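K.L.:
In UniProt numbering, the protein residues as written are 1 to 107.
Each residue gets a CB set at the ideal place from its N, CA and C atoms; glycine is no exception.
On a predicted model such as this, the values are computed, not experimentally measured, just so you know.
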Amino acid sequence: MAEGLRVQDSSVFSKMIKDVDNDSIFRLNHYPPILCNNNNNNKDPSFHANKVGFGEHTDPQILTILKSNDVGGLQVKSQVDDGDHGVWVPVPPHPTAFCVNVGDILQ
Numbered sequence: 001m002a003e004g005l006r007v008q009d010s011s012v013f014s015k016m017i018k019d020v021d022n023d024s025i026f027r028l029n030h031y032p033p034i035l036c037n038n039n040n041n042n043k044d045p046s047f048h049a050n051k052v053g054f055g056e057h058t059d060p061q062i063l064t065i066l067k068s069n070d071v072g073g074l075q076v077k078s079q080v081d082d083g084d085h086g087v088w089v090p091v092p093p094h095p096t097a098f099c100v101n102v103g104d105i106l107q
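(1) Please check the pair Trp-88 and Gln-75, which I expect to be a contact at CB under 8 Å, by giving their CB distance rounded to whole angstroms.
(2) In three-state terms, what does DSSP make of Ile-17?
(3) Under the rule that 16 or more other beta-carbon atoms within 10 Å means buried, what is Gln-61, buried or exposed?
(4) Assuming Asp-70 contacts Pro-90 (C-beta within less than 8 Å), just tell me the rounded distance between them.
(5) Going by DSSP, what residue range makes up the beta strand (DSSP E) through Leu-63?
(6) Suppose the cutoff is 6 Å on Cβ atoms and the five residues either side in sequence are ignored; what does the same chain contact list for Asn-101 look like?
(7) Starting from the C-beta of Lys-77, find all residues in its chain whose C-beta is less than 6 Å away, skip the five residues before and the five after it, and write them out in chain order.
(8) In terms of residue numbering, what span does the beta strand (DSSP E) encompassing Asn-101 cover?
(9) Between which two residues does the beta strand (DSSP E) holding Val-71 run?
(10) For Phe-98, which residues in the same chain have their Cβ closer than 7 Å to its Cβ, ignoring the five residues on either side in sequence?
(11) Where does Val-7 sit, in a helix, a strand or coil, going by DSSP?
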């Protein structure tokens, strides 16, 4: 990958992966859907019973591979500028698809 990106030190990614403090070789996360409870007495307007997982963030790893399992919630930030910021666009879930995100290290 480093050679394809014309990075001067072609072993840079190998060194990162082999580092004893690195937790990015393989990680499994599961984001279960939050089921809507009709008896929910939460009056907080920011509460959304259909949201899943983490809030806005970037991935620090090289690559992130996601399988949606037909659960929505994933968004990507587009390069389209709405002033000073990009626009968050929903990624439609698909039961057999994978989404590959370029992480902070690779960017």
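P.N.:
If we stick to the structure as given:
(1) Sure, about 5 Å apart at Cβ, within 8 Å.
(2) The answer is helix: DSSP assigns Ile-17 an H, G or I state.
(3) Gln-61 is buried by the Cβ-count criterion.
(4) Wrong, their Cβ atoms sit about 14 Å apart, outside the cutoff.
(5) Taken as a continuous stretch (DSSP letters only), the beta strand (DSSP E) holding Leu-63 covers 63–67.
(6) Same-chain partners within the cutoff: Asp-59, Thr-64.
(7) Same-chain partners within the cutoff: Gly-86, Trp-88.
(8) That run of the beta strand (DSSP E) goes 98–102.
(9) Here Val-71 belongs to no beta strand (DSSP E), and DSSP marks it neither H nor E.
(10) These residues qualify, in order along the chain: Ile-65, Leu-66, Lys-67.
(11) Reduced to three states, the DSSP call for Val-7 is coil.
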